[in-house]
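Heads up: the sequence shown begins at 987 in my numbering, then just goes up one per residue.
Note that the Cβ used here is the ideal one computed from N, Cα and C, for glycine as well.
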Amino acid sequence: MSSQNALSTEALSILSRLGVTPTTGTMPARSPITGEVLTHVADQGRAGTEAAIAAAQKAFKDWRNVPGPKRGELVRLWAEELRAHKADLGKLVSIEVGKVTSEGLGEVQEMIDICDFAVGLSRQLYGLTIASERPSHRMMESWHPIGVVGVISAFNFPVAVWSWNTALALVCGNAVVWKPSEKANLSALAATATLDRAIARFNAEGGNAPAGLATTVLGAREAGAALVDSPAVALVSATGSTRMGREVGPKVAARFGRCLLELGGNNAAIVGPTASLDLTLRGLAFAAMGTAGQRCTTLRRLFLHESVYDTLLPRLKAAYASVKVGNPLEQGVLVGPLIDDGALNGMQAALDQARAAGGTVHGGEVVTGLGGAYARPALVEMPSQTGPVVHETFAPILYVMKYSDFDAALDLHNAVPQGLSSSVFTNDMREAEAFLSARGSDCGIANVNIGPSGAEIGGAFGGEKETGGGRESGSDAWKAYMRRATNTINYGTTLPLAQGVVFDI
Ligand code: UN1
């Protein structure tokens, strides 16, 4: 049996262990490992999404009445299913989007972590009580579910990003319709099956999770557009390119819907003169080359202080030259394929632009013979922050620049349109604190002595400027999935008006 057939067989048997038989259709599901078609699935199109939205609207009317902690019980069962199927789901993610084994499994772990977080949250959907200026009055705020949440996700975290949204949306009392990336339909079907199994168990144990509570619609552009256009979708949570966000944001705003946008990043690190170089090297290597440079948090720009440039750069070059690129399912491989030829062409075009702008490229060669779109990661010494450096290229390219003054490096750090994640490597307390301060990094995530990628789910995840401003996952990100009502209760026998207004009739 050829390795191509083996991947397809494996993907379909994972699905069948989860009880999924994909409906055959016209959309190819491919593996970037070999470029082979695994199977074809049906495009449910705009009509599919519209039907799912209608069912979700109905489901929401019941689900909002289920107490929060009871909703949390559903998510607790979901985490159990994810634990039970972690190996299968992680492997399918690796097969379908090319993540190395530990990263495929890590993605499922991220799903488990958000479920655990959401279970606790289901008992902590707190509002404030507020001092009223009027006698015998009490003010408080209540948080209520908002309705149907539409989730549009990208190929690079094909299942975790959906789970961040869905685990929170469900405990908050909402219904969810998901349009996954068309490059990751099989992973989406498998992930959906884990939730479906949890729903079946929840209902068998006497729970009341209505039909249509969480639906997945496979499709191309039109299927996603239906979520954006429908006034019945209260919140559109969309992860992808800034170009996509520019289309989605204004359309949802025009109908006064809510948007949660997780768009492009152009994440940087500053390495100061006092940095611990062993730790820094490892932090940079994972952040820049991990996931083949296809995380929105991937390290793309590096500012090295002139005093460490000549020590750290050769070590970085050696790491780039020795990292194993290849089949992500093989042990020892750290860099798998790019998602497709388009991504590979984009990478090569960016490297050409970097050369034209005076950059010196180390690595970046196309790796042939494996079937998929493989390239060695590229380290590019740039004379300044110009050309492709200010754009996000979704590939393993790290642009390196030298600096002498920390404040000037900070200015350059912030002088790009994106604002997702950032790091400083230093043992100088002044540099570390300045980086985290109001005059420091302008990103939604700012780290010290770890790289910009690989965030835990406990913190709010997201960024500023062209990254879109959304926050998902930890902290109080749940508030995006709820509406706030301010309540004033008069327990007296008179009707004093606020601001001393008199209105005697
Ligand atoms: C993404 O690339 O869309 O912080 C999400 C990280 C991961 C999530 C990345 N936890 O790198």
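Taking 5 Å as the limit, tell me which residues put their C-beta closer than that to any heavy atom of ligand 1, in chain order. F1143, R1281, C1282, T1283, S1439, G1440 and A1441
Let me know if R1003 comes out buried or exposed under the rule of 16 or more other beta-carbons within 10 Å of its beta-carbon. exposed
For the region 1478-1487 and the region 1136-1151, state whether three or more C-beta atom pairs, one from each stretch, are separated by less than 8 Å. no
Inter-residue Cα distance where the pair is P1438 and R1232: 24 Å
What is the DSSP secondary structure of A1261, counted as helix, strand or coil? coil
Using three-state DSSP, classify P1236 as helix, strand or coil. helix
Thinking C-alpha only, which one of A1441, I1325, A1212 and H1123 is nearest W1164? A1212
Can you name the start and end residues of the beta strand (DSSP E) that P1014 belongs to? M1013 to R1016
Minimum Cβ-Cβ distance from R1362 to chain B less than 8 Å: In the structure shown, chain B cannot be found, because there is only a single protein chain.
For I1256, list the residues DSSP reports as bridge partners. F1289 and V1410
With DSSP collapsed to three states, give me the class of H1399. helix
Sort N1142, V1135, K1072 and T1025 by Cα distance to G1084 and report the nearest one. N1142
To which residues of the same chain is Y1477 closer than 8 Å at the C-beta, ignoring the five residues directly before and after it? S1122, H1123 and R1124
Rounding to the nearest angstrom, what Cα-Cα distance links T955 and K1169 in this structure? No answer is possible for residue 955: it lies beyond the span of the chain, which begins at 987 and ends at 1491.
Range covered by the alpha helix (DSSP H) that runs through N1151: A1146 to V1157
Classify M1415: buried if its beta carbon has 16 or more other beta carbons within 10 angstroms, exposed otherwise. exposed
With a Cβ-Cβ cutoff of 8 Å, do V1257 and L1302 count as a contact? no
Cβ-heavy atom distance between S1108 and ligand 2 below 7 Å? The ligand content of the structure shown is limited to ligand 1, which means ligand 2 is not among them.
Which same chain residues end up closer than 8 Å to T1010 when comparing Cβ atoms and leaving out the 5 residues on each side of it in sequence? T1025, H1026, V1027 and A1028
Starting from T1035, follow the beta strand (DSSP E) in both directions and report where the run begins and ends. Not the beta strand (DSSP E): T1035 falls in the alpha helix (DSSP H), residues G1031 to W1049.
Which residues in the same chain have their Cβ closer than 6 Å to the Cβ of A1420, if we skip the five residues on either side of it in sequence? G1426
Using a threshold of 8 Å, state whether the C-beta atoms of P1055 and S1108 are closer than that. yes
Rounded C-alpha distance that separates P1403 from V1376: 7 Å
Beta-carbon proximity list for N1171, same chain, < 7 Å, skipping 5 on both sides: M1013, A1015, V1027 and L1204
Starting from L1114, trace the alpha helix (DSSP H) in both directions and tell me its first and last residue. No alpha helix (DSSP H) contains L1114, which DSSP labels as neither H nor E.
Candidates E1316, I1132 and V1321: which alpha carbon is nearest S1308's? V1321
Quick one: which unbroken alpha helix (DSSP H) runs of 4-plus residues sit fully inside the region 1080-1139? Chain order, please. 1087-1107
Opposite V1386 in the DSSP bridges: which residues? L1288 and E1367
C-beta atoms of L1175 and P1008 nearer than 8 Å: yes
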